[in-house]
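Student: The structure follows.
2 protein chains.
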Amino acid sequence: MERRRSRPRIADVAREAGVSKTAVSFAFNSPERLSTETAIRIREVAETLGYRPNPVARMLTQRQTMTLGVLTPQALAVIFSNPFFALFSEGVAHAAEDLGYELHFISPLHGSLALAVGRSTVDGVVAIGLSADHPEVGQIRGAGLPMVLVDSDDLPEHSSVVVDDEAGARAAAEHILSLGHRDLLVIAVERPAAEGPVAASGEPVRHGVTERRLRGYRAALEAAGVDLAEERIVAGRSSIDGGSSAFQRAWALGLRPTAVLAMSDAIAIGAMRAARELGLRIPDDLSVVGFDDIDLAAHVDPPLTTVHQPIRQKGADAVRLLLAEVEQREANRPEHIRLETRLIVRGSTGPVPQLRQEVPWVD
Amino acid sequence: MERRRSRPRIADVAREAGVSKTAVSFAFNSPERLSTETAIRIREVAETLGYRPNPVARMLTQRQTMTLGVLTPQALAVIFSNPFFALFSEGVAHAAEDLGYELHFISPLHGSLALAVGRSTVDGVVAIGLSADHPEVGQIRGAGLPMVLVDSDDLPEHSSVVVDDEAGARAAAEHILSLGHRDLLVIAVERPAAEGPVAASGEPVRHGVTERRLRGYRAALEAAGVDLAEERIVAGRSSIDGGSSAFQRAWALGLRPTAVLAMSDAIAIGAMRAARELGLRIPDDLSVVGFDDIDLAAHVDPPLTTVHQPIRQKGADAVRLLLAEVEQREANRPEHIRLETRLIVRGSTGPVPQLRQEVPWVD
DNA sequence: TACTGTCACTAAACCGGTTCACTAAACCGG
DNA sequence: CCGGTTTAGTGAACCGGTTTAGTGACAGTA
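Right, dumping it as structure tokens:
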């Protein structure tokens, strides 16, 4: 029943060593201000007492936490099952570790992202996948916290990192068109209903990334004179299951595309699975193009044709920009980075089946 | 060049509203101690000033951070690329979120886990994959921080969660034996050289999980009278590439097993890939059994036969035990949970090729 | 009228460190 | 031996909140 022995404080060490609190603080943070013997003696006393400076108290006085926040609109549990996010985190983690910063994942607490933001103790925030009009973006800006936006729309006050989604999507669509496909199905990434603005129609408003990729698909299709009917665009959660059920839904609606443009690799892989279960061979009966180029993409059967984007680098660049802002007092001009994408052709795409239309090849 | 407007403090709100700091504090934390009008007025003033209570200061006075630490001996970047860890984190995150706790991943800072632990501000720690003799375990215990060990050896003072690795491994080996295989290759999970004790031989000492699974394999083999030579045990990093190169190495050494017992699914999938590149068909020429049953296991071709362990639940249970300790003052007895495993037979295992030996089937 | 109790609110101490302003002693050149 | 500089260290203020222990005003009772 003994009370948990509270850990020793700086005052305990000072008393035991017969010096002032200041001296103890010096012994740890600027030993050159003390004689060598005193510094060593204090350290020894601290050691035997098992003293560790309380990091919270230190944060308070220094007014910095040496911690960076990663802000995501989805629950952590969702996040970790998303390979795209894992790669992004890898990039963020690598850069943060190099620079001596800890990482804190901020995700909705009791369903409220605002609550989590208010409670978090970070020097700056990398926000991924939040649209610029997200209310928390305003909250953070109001708190005066440095922030870098990733995969969002550019906001003049904040640094940002994006990839050229539109060009990547265009390349994917052009590839498919060059193989003769005209009957297409687009599977978009759906934003969970819980977050973000909802249009008057009740449909969730498509967010930046989805919108940009769709523009890219459309640009290529229009240039080729191919029409993309709105009912040929379906949406699903960005997971294997999400892609699988989206394809099944489209099939049930009577759609019989010869090619699928998926907005993420997870969706593409799910679509391939569903297609196979429906008896389709890939790429003989159906071509599938993904987006992201996660590690898994090269390892599925057949290997997935997809649009590569430098996900790790996106994370690393975001941290770099964030720290530029965090570490200097002067207001420095926000920087906007746009990274390139490129199409990787693997085995999941092939010529349109049966009646090979003689069209001029674009690629 | 204007200095960043420092965010308002509680004193600013108090002055503006013409009340004491205490009243402002009450308005946020125990409004029932104030008259309704005063509380509302203070909140309004706070709102217009954009005041948010500083969470660091609050942590200091309350002496709790509402944050749980996840301690891993590997760099964050490594962690996030490991599907096993992703699942575990999912379980941890889910439970932590439910209970209103934030999550903080503690991994080596500048190569030092001790430094990271000293700097981290958490109410308790879930340590995964640390052997009980790891020096940081002692450090944390010394700091009086509640801790739960996962996949470690049981320590009487701390709660712990493990799975029955030995029984799972035994089931895997028995399955392989029942198919007639006698020429086996075991691919173990290697612990990075940087961490943990190293035996006098220079070989890293195998840690708990590896050791337990090996015992399970051996138990089954011995019961069947099959000898497992030491050179038929190789090790690799727990990743697809690690498994792939481990199998290639074994092959280069002249080993021609008919079955592989892999200690993780990632390794198993890598081994399958390497085997296929060497011209082997699975399961016709080579049977492969994994361990863990990550989501991917069911989706590779052929689907992987593996030992299922409840990874998410392991994370959730660890958090539950940790919070029992964190939230009550009384010293409560540490609890030790052992979760069950079970063999999932899919398509990556089949009868031994060519000369089907007539052996009594165990399964 | 005096006593008691409740209500609404406050001053000061405290959490555990860092840092600013200052001092006593030692050192140093002339 | 004197004035000035260094060295080694100290006390108090401070970071931004929470909490303890009261205080004054007012209402209700005897």
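Residue numbers (this note's numbering), protein chains in the order written: chain A, 26 to 388; chain B, 26 to 388. We put the CB at the ideal spot given by N, CA and C, even for glycine.
1) Beta-carbon separation of Ala102 (chain A) and Ile67 (chain A) under 7 Å?
2) So, using beta-carbon positions, are Val377 (chain A) and Thr283 (chain A) closer together than 7 Å?
3) Within the 7 Å Cβ cut-off, does Pro160 (chain B) reach chain A?
4) Can you tell which of A:Leu321, A:Thr374 and A:Arg34 has the C-alpha that lies nearest to the C-alpha of His206 (chain A)?
5) Closer than 8 Å by beta-carbon distance: list the chain B residues that pair up with His391 (chain A), in chain order.
6) Measuring only between beta-carbons, confirm whether Arg68 (chain B) sits less than 7 Å from chain A.
7) By the criterion of Cβ-Cβ separation under 8 Å, what are the contact partners of Met91 (chain B) in chain A?
8) Around the Cβ of Gly315 (chain A), are there at least 16 other Cβ atoms within 10 angstroms (buried) or fewer (exposed)?
9) CB Glu199 (chain B) to CB Arg237 (chain B), shorter than 7 Å?
10) Beta-carbon within less than 8 Å of Asp266 (chain A)'s beta-carbon, same chain only, minus the 5 sequence neighbours each way: which residues are those?
11) Taking DSSP as the reference, what is the three-state secondary structure of Thr374 (chain B)?
12) Using three-state DSSP, classify Gly1 (chain A) as helix, strand or coil.
13) Exposed or buried, Lys339 (chain A), counting other C-beta atoms within 10 Å across all chains shown (16 or more means buried)?
14) Give the DSSP bridge partners of Glu127 (chain B), in chain order.
15) Going along chain B in order, which residues have a C-beta closer than 9 Å to the C-beta of Phe130 (chain A)?
16) Measuring only between beta-carbons, confirm whether Ala82 (chain B) sits less than 7 Å from chain A.
17) Let me see if you follow: with CB-CB separation under 7 Å, is Gly167 (chain A) close to chain B or not?
18) Taking the alpha carbon of Thr97 (chain A) as the reference point, which residue from A:Phe113, A:Ala71 and A:Glu57 has its own alpha carbon closest?
19) In the DSSP assignment, find the unbroken alpha helix (DSSP H) run with Ser270 (chain B) in it and report its ends.
20) Return helix, strand or coil for Ala225 (chain B), following the three-state DSSP convention.
21) Can you give, in chain order, each stretch of the alpha helix (DSSP H) that sits fully within the segment 295 to 335 of chain A and has at least 4 residues?
22) Inspect the beta-carbon positions of Ile212 (chain A) and Ile336 (chain A) and report whether they are closer than 7 Å.
23) Using the rule of at least 16 other Cβ atoms within 10 Å of the residue's Cβ for burial, across every protein chain shown, is Gly169 (chain B) buried or exposed?
24) Closer than 7 Å, Cβ to Cβ, to anything on chain B: give me those residues from the segment 96 to 125 of chain A, in chain order.
25) For Val186 (chain B) versus Asp317 (chain B), is the C-beta spacing smaller than 7 Å?
26) Kindly provide the ranges of any alpha helix (DSSP H) runs that are 4 or more residues long and lie completely inside the segment 41 to 77 of chain A, ordered along the chain.
27) The beta strand (DSSP E) that contains Met172 (chain A), what's its start and end?
28) Name, please, each residue of chain A whose Cβ falls closer than 7 Å to the Cβ of Arg32 (chain B).
29) Taking the C-alpha atoms as reference points, what is the distance between Leu124 (chain B) and Gln334 (chain B)?
30) Any idea which residues DSSP pairs Val186 (chain A) with across the strands?
31) Could you tell me the distance, in whole angstroms, from the CA atom of Met172 (chain B) to the CA atom of Ser132 (chain A)?
32) In angstroms with no decimal places, state the Cα-to-Cα distance between Arg281 (chain B) and Ser106 (chain B).
33) Going by the DSSP bridge assignment, what does Arg367 (chain A) pair with across the sheet?
34) Tell me which residue opens and which closes the beta strand (DSSP E) that Leu280 (chain B) is part of.
35) Heavy atom of the ligand ATP less than 6 Å from the Cβ of Ala102 (chain A), yes or no?
36) With a threshold of 7 Å between beta carbons, is Leu140 (chain B) in contact with chain A?
Tutor: Let me spell this out:
1) no
2) yes
3) no
4) A:Thr374
5) The requested residue 391 (chain A) is not part of the displayed model; chain A covers only 26 to 388.
6) no
7) Arg144
8) buried
9) no
10) Gly295
11) coil
12) It is not possible to answer for residue 1 (chain A), since the shown part of chain A is limited to 26 through 388.
13) buried
14) B:Thr92
15) Ala118, Glu127, Leu128, His129 and Phe130
16) yes
17) yes
18) A:Phe113
19) Ile265 to Ala277
20) Any reading at Ala225 (chain B) must be qualified, since the residue scores a pLDDT of 42, below 50, and its modelled position is unreliable; no value is offered.
21) none
22) no
23) exposed
24) Ala100, Leu101, Ala102, Phe105, Ser106, Ala111, Ser114, Glu115, Ala118, His119, Glu122 and Gly125
25) no
26) 46 to 54 and 61 to 74
27) Met172 to Val175
28) Ala168 and Gly169
29) 24 Å
30) A:Val175 and A:Ile362
31) 24 Å
32) 30 Å
33) A:His333
34) Element bounds for Leu280 (chain B): n/a, residue is neither H nor E.
35) Looking at this structure, you won't find the ligand ATP or any other ligand, since it has none at all.
36) no
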